[in-house]
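Asker: In order, the protein sequences belong to chains A and B. For any residue, its number in the numbering used here is found by taking its place in the first sequence, counting from 1, and adding 2. For any residue, its number in the numbering used here is found by taking its place in the second sequence, counting from 1, and adding 31. Could you have a look at this structure, given as structure tokens, before my questions?
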Amino acid sequence: MKKILALCAALVMVLSATSALADLVICQNKVEITAALEAFAKVYEEKTGVPVKVITGGGSSDYNTVLKAEMQSGREPDIWVIEGPTGYELWADKIASQDGAEWTKYTSAAYIADGKVVGFPVAVEGYGMAYNKDILDKAGIDPATLTNFDAYKAAFEKLDSMKAELGLDMVVSMVAGTTTGMTWVTGLHNFNVYLTVGNERNDTTYIDQVLAGQVDAERFHQYCQYVALIFQYSDPEMLINGTQDSQLAAFANGKAAFYHQGNWMDPSLVTLNPSFEIAYAPHAFLHEDTDGILVNPPSWYVVNANGNTEEAIAFLDFLATSEEGADYMVNKAAMVPAFTNVTLAPATPLSKSVMEWNAAGKTYDWQQYKLPDGFGMGTLGQIYELLASGAIDVDTFEAMMIDAIAGIAK
Amino acid sequence: MSSKAKRKLTEMLFLLPTLLAFIMVIIIPFIYGIYYSFTNWQGTGAASAWVGLDNYKTIFQEPGFLHSFLVTVIFTLFNLVLVNVVAFVISLLVTSEIKGRNVYRAGFFIPNLIGGIVLGLVWQFIFSNILPQIGKSLGMNLLSKSLISNKDTVIATMVIVNTWQYAGYIMLIYVAAIQGISKSVMEAAEVDGARYWTRVAKIQIPLMANAFTISLFLTLTNSFKMYDVNVALTNGGPTTVFMMKPVQASELLALNIYQTAFKYNNMAAGQAKAVIFFVVLTIFSVIQVSYNKRKEIEA
């Protein structure tokens, strides 16, 4: 009997020890900031004695899958990332209100649902057509003129004809492969260009139409031409087999003039030491001018109402209001903070460009996350890949896209 | 208590832990799964409603699922043949008088010890990076592009990788069977003037029919349930057109079920597909085993 008691005692100690290993568990979706966030978690533990564990899913693996597995594992994360209404609604009954938290005073980008503050903006992120200024200069192209389809077409043609001279392998470094798991670039980010470019922020005309199974025929036709233009001047191998790394390497090594990615690639970009000036040009797919890049807090930290709620909010307060937090967000993770009290400016090129566009107020919204689960990356992503591989032409692409969108309403 | 009853009780008690584990992790989830396939369950604990056969009706109108079904059958057929032919040939090799046959035995078996994900990624690198380089320098058109991103060759790459991984394992079963055949039978045939291939075809193969039953069964179920190599090697891609809709050229059933449940967040439809998957696999296996068993009796 004594032995059994001792065994039980040991078991209890082991069990309590494992849960004490991490008071706070964060499940997040940015592979590229994992190391920086873990280092910040260490700093936080030293300051407050609260151990923090970071679980990451993302990049080529699917964050939502990782999160679901964690939720069902019996140790639910205390803080996790939602990417918009779909993520919010999925977990709404577990998400705690953060009304009155210290950080809410310093931002206008919090996620608000039913009049309550529930989401802490992870950062502001942006994407457009990143360009290599040296190459554009040499080709005599002024990036400020890239504000409509025809300007892009002319620029691409010119660069393509000067490929050998400029040392280019391709005009645009673009990926669309399903095998390499890059369909979020096409099916989500590029598709959002159709949804919001030229519109006021919070104008939901086109996403509402899509969710009802319809598109604006003329606008959509122009959008498809733009996609075809980008693919035509990309490298066919890169489109299908390119990974996030090879896509970046082509641009950073000066083998591509344009790069279809967002400022979240900065931490990886600077490790490759690009020797030229980089900034964003708009995704101007219409014949008329549109001047702005796509900027949004792409994701928010939400707090588990059934977990260590207070400790989780204290962690987020520390992140937003401390010097260590600012240093982590701006210098270590190369993010553009959504908080007005942070005065540090990012040193990395893509984030700097996003901050400039943002400060100039020339931004368009992100609405791709209002699409149903899997629709952008899966259903649409497959159609983009068909066009990228040359299996279908642009007219078939347009018809298939319209057909797939019509399928949403069913 | 009589000693017989006591013995019975002891037996039951010994059986209990395994039985309990089996019921908890296999039987109960299985019954739940069947139940959920008739609901609109979303997997998040939110309330779900009974929808009858709706999930089953939708999945059979879904080009992606039908295509997955088709490629799974194609993959299974080719894989079944190639794995067993290769395994049988190398088992003949390593049971012959060849020098260093123990090294070969170990060598052929080792790929089976590597996890499917690692193996898939390694082979992805070979097919996407190394082979195209070789193909370009030799001027071979077929090889100059990645075989994985070609919708017509992607299934072949999966068969090659799976054969490389699995043939060594099946080889062991054949080796054991070949060694189980009495030497005197083989020698008698040799004295009677039977040539090598005659001996293999007329004596060895019939005498090891039970090894074929088990090997074919293992390969059949293994191919049909293929998941890890599929994810790591091709991730279902590239995209192709089937019934006028875009579908994933190499998305086998297990991956299709996973994507339905987790990517499209359609848990109930995923469950319905899993139920169909189970039924079909059971039917195939029963047909195969009963067919092979008949051969065994004849032998």
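Ideal Cβ placement from N, Cα and C applies to all residues, glycine included. Keep in mind that this is a model prediction, so the values were computed, not measured.
Measuring alpha carbon to alpha carbon, tell me which of A:N243, A:N306, A:A157, A:L250 ends up nearest L148 of chain A.
Answerer: The residue given as residue 148 of chain A occupies position 146 in the first sequence. Nearest C-alpha to L148 of chain A: A:A157.
Asker: Going by Cα to Cα distance, which pick from A:V199, A:K165, A:T345 is closest to A259 of chain A?
Answerer: To locate residue 259 of chain A, count along the first sequence from 1; it is residue 257. A259 of chain A has its Cα closest to that of A:K165, out of A:V199, A:K165, A:T345.
Asker: Is the CB of G409 of chain A under 7 Å away from at least one CB in chain B?
Answerer: Sequence index remark: in the first sequence, residue 409 of chain A carries index 407 (1-based). Chain B, which has no Cβ nearer than 7 Å to the Cβ of G409 of chain A, makes this no.
Asker: Beta carbons nearer than 9 Å to chain B: which residues of the stretch 52–67 of chain A have them?
Answerer: Within the stretch 52–67 of chain A, the residues whose Cβ lies closer than 9 Å to some Cβ of chain B are S62, D64, N66, T67, listed in chain order.
Asker: Buried or exposed: which applies to S163 of chain A, given that a residue is buried once 16 or more other Cβ atoms fall within 10 Å of its Cβ?
Answerer: Start at 1 with the first residue of the first sequence, and residue 163 of chain A comes out as number 161. The residue in question, S163 of chain A, is exposed, as its Cβ has fewer than 16 Cβ neighbours within 10 Å.
Asker: Please list, in chain order, all residues of the same chain as I212 of chain B whose beta carbon is under 8 Å from its beta carbon, the five residues on each side excluded.
Answerer: Here residue 212 of chain B is taken as the residue at index 181 of the second sequence, counted from 1. I234, Q235, L238, M239, listed in sequence order.
Asker: Using the rule of at least 16 other Cβ atoms within 10 Å of the residue's Cβ for burial, across every protein chain shown, is L46 of chain B buried or exposed?
Answerer: For this step, residue 46 of chain B is matched to residue 15 along the second sequence. So L46 of chain B ends up on the exposed side.
Asker: Any idea what DSSP makes of F273 of chain B, helix, strand or coil?
Answerer: What you label residue 273 of chain B is simply residue 242 of the second sequence in a count that begins at 1. Three-state result, F273 of chain B: strand.
Asker: Starting from the beta carbon of K70 of chain A, find every residue of chain B whose beta carbon is closer than 9 Å, and list them in chain order.
Answerer: Counted from its first residue, the first sequence places residue 70 of chain A at position 68. By Cβ distance, chain B contributes G74, T75, F293, N296.
Asker: Flag this pair as yes or no: are the beta carbons of F255 of chain B and L312 of chain B separated by less than 7 Å?
Answerer: The residue you call residue 255 of chain B lines up with position 224 of the second sequence. The residue you call residue 312 of chain B lines up with position 281 of the second sequence. Taking 7 Å as the cut-off, the Cβ atoms of F255 of chain B and L312 of chain B count as close.
Asker: What does a CB cutoff of less than 7 Å around A254 of chain A pick up in its chain, not counting 5 residues either side in sequence?
Answerer: Numbered from 1 along the first sequence, position 252 holds the residue referred to as residue 254 of chain A. Excluding residues within five positions, the ones whose Cβ falls inside 7 Å are L271, L274, P276.
Asker: Can you tell me whether DSSP reads D397 of chain A as helix, strand or coil?
Answerer: The residue given as residue 397 of chain A occupies position 395 in the first sequence. The answer is helix: DSSP assigns D397 of chain A an H, G or I state.
Asker: Quick one: list the residues of chain A neighbouring V272 of chain B, beta-carbon separation under 8 Å, in chain order.
Answerer: By 1-based counting over the second sequence, the position of residue 272 of chain B is 241. Those are L388, A393, I394, listed as they occur along chain A.
Asker: Alpha carbon to alpha carbon, how far is A336 of chain A from S355 of chain A? Give it in angstroms, no decimals.
Answerer: As a working note, residue 355 of chain A is residue 353 in the first sequence. As a working note, residue 336 of chain A is residue 334 in the first sequence. Note on geometry: alpha-carbon atoms of S355 of chain A and A336 of chain A lie some 12 Å from one another.
Asker: With DSSP as the reference, please indicate the residues paired to D131 of chain A in a beta bridge.
Answerer: Position 129 of the first sequence, counted from the first residue, corresponds to residue 131 of chain A. Before going on, a small fix: residue 131 of chain A reads as Met here, not Asp. BP columns for M131 of chain A point to A:A283.
Asker: Using three-state DSSP, classify Q105 of chain A as helix, strand or coil.
Answerer: Residue numbering aside, residue 105 of chain A sits at position 103 when the first sequence is read from its first letter. Gln is not the amino acid found at residue 105 of chain A; the sequence shown has Trp there. W105 of chain A falls in the helix class under three-state DSSP.
Asker: Against chain B, which members of the stretch 183–211 of chain A pass a CB distance test of less than 7 Å?
Answerer: Answer set for the stretch 183–211 of chain A: G183.
Asker: If we count the other Cβ atoms within 10 Å of its Cβ and call it buried at 16 or more, is D25 of chain A buried or exposed?
Answerer: Within the first sequence, the letter at position 23 stands for residue 25 of chain A. Buried, since its Cβ has 16 or more Cβ neighbours within 10 Å.
Asker: Is K413 of chain A helix, strand or coil by DSSP?
Answerer: With chain A represented from 3 up to 412, any question about residue 413 of chain A goes unanswered, as that position is not in the structure.
Asker: Return yes when the Cβ of N192 of chain A is within less than 7 Å of the Cβ of S180 of chain B, no when it is not.
Answerer: Along the second sequence, one-based indexing puts residue 180 of chain B at 149. Along the first sequence, one-based indexing puts residue 192 of chain A at 190. Result no, Cβ atoms of S180 of chain B and N192 of chain A do not sit closer than 7 Å.
Asker: Strictly under 7 Å for the Cβ-Cβ distance: is Q237 of chain B near chain A by that measure?
Answerer: For the purposes of this step, residue 237 of chain B is taken as the residue at position 206 of the second sequence. In the sequence on display, residue 237 of chain B carries Pro and not Gln. It does not: the Cβ of P237 of chain B has no partner Cβ on chain A nearer than 7 Å.
Asker: Less than 7 Å separating the beta-carbons of V126 of chain A and A340 of chain A?
Answerer: Position 124 of the first sequence, counting from 1, holds the residue named residue 126 of chain A. Position 338 of the first sequence, counting from 1, holds the residue named residue 340 of chain A. It is a contact, given that the beta carbons lie within the stated cut-off.
Asker: For a contact defined as C-beta to C-beta under 7 Å, what are the partners of G376 of chain A on chain B?
Answerer: Residue numbering aside, residue 376 of chain A sits at position 374 when the first sequence is read from its first letter. Result: K294, Y295, N296.
Asker: Helix, strand or coil: which one does DSSP assign to A214 of chain A?
Answerer: Position 212 of the first sequence, counted from the start, is the residue given in the question as residue 214 of chain A. Reduced to three states, the DSSP call for A214 of chain A is coil.
Asker: Work out the CA separation of I114 of chain A and N194 of chain A for me, nearest whole Å.
Answerer: What you label residue 194 of chain A is simply residue 192 of the first sequence in a count that begins at 1. What you label residue 114 of chain A is simply residue 112 of the first sequence in a count that begins at 1. For N194 of chain A and I114 of chain A, the distance between alpha carbons rounds to 22 Å.
Asker: When you compare only the Cα positions, how much space is there between T20 of chain A and R77 of chain A?
Answerer: Mapped onto the first sequence, residue 20 of chain A falls at position 18. Mapped onto the first sequence, residue 77 of chain A falls at position 75. The pLDDT assigned to T20 of chain A is 45, lower than 50, so where the model puts this residue is not dependable; a value taken from the coordinates is nonetheless given after this. Their Cα atoms are separated by approximately 11 Å.
Asker: Verify whether the separation of the beta carbon atoms of F139 of chain B and I157 of chain B is less than 7 Å.
Answerer: Taking the second sequence and counting its residues from 1, one reaches residue 139 of chain B at position 108. Taking the second sequence and counting its residues from 1, one reaches residue 157 of chain B at position 126. No; because the gap between Cβ atoms is not below 7 Å, this pair is not in contact.
Asker: Rounded to whole angstroms, what's the CA-CA distance from V125 of chain B to R132 of chain B? Just pull it up for me.
Answerer: The residue given as residue 125 of chain B occupies position 94 in the second sequence. The residue given as residue 132 of chain B occupies position 101 in the second sequence. Spanning the two alpha carbons is a distance of roughly 5 Å.
Asker: Of all the residues that make up the stretch 137–157 of chain B, which are near chain A by a beta-carbon distance shorter than 7 Å?
Answerer: none
Asker: Quick one: measure Cβ to Cβ for G383 of chain A and T185 of chain A, integer angstroms, because I've assumed they're closer than 8 Å.
Answerer: Position 381 of the first sequence, counted from the first residue, corresponds to residue 383 of chain A. Position 183 of the first sequence, counted from the first residue, corresponds to residue 185 of chain A. Confirmed, Cβ separation roughly 3 Å.
Asker: Considering only residues of the same chain and omitting the five flanking positions on each side of A364 of chain A, which have a CB-CB separation below 6 Å?
Answerer: For the purposes of this step, residue 364 of chain A is taken as residue 362 along the first sequence, with counting starting at 1. This sequence places Lys at residue 364 of chain A; Ala is not what is there. By the criterion of a C-beta distance shorter than 6 Å, K364 of chain A is surrounded in its chain by D293, G294, once the five residues flanking it on both sides are discounted.
Asker: Name the chain A residues that come within less than 9 Å of N23 of chain B, Cβ to Cβ?
Answerer: For residue 23 of chain B there is no data in the structure shown, the boundaries of chain B being 32 and 330.
Asker: Are the CB atoms of Y108 of chain A and T345 of chain A within a distance shorter than 7 Å?
Answerer: The residue given as residue 345 of chain A occupies position 343 in the first sequence. The residue given as residue 108 of chain A occupies position 106 in the first sequence. No; because the gap between Cβ atoms is not below 7 Å, this pair is not in contact.
Asker: Beta-carbon within less than 7 Å of K70 of chain A's beta-carbon, same chain only, minus the 5 sequence neighbours each way: which residues are those?
Answerer: Here residue 70 of chain A refers to the residue found at position 68 when the first sequence is read from its first residue. For K70 of chain A, there are no CB contacts under 7 Å within the same chain when 5 residues up- and downstream are skipped.
Asker: Where V134 of chain B and M331 of chain A are concerned, what is the direct C-alpha to C-alpha distance, given to the nearest angstrom?
Answerer: To locate residue 134 of chain B, count along the second sequence from 1; it is residue 103. To locate residue 331 of chain A, count along the first sequence from 1; it is residue 329. Going from the Cα of V134 of chain B to the Cα of M331 of chain A covers about 55 Å.
Asker: Suppose the cutoff is 8 Å on Cβ atoms and the five residues either side in sequence are ignored; what does the same chain contact list for L50 of chain B look like?
Answerer: Within the second sequence, residue 50 of chain B is the residue found at index 19, counting from 1. Same-chain partners within the cutoff: there are none.
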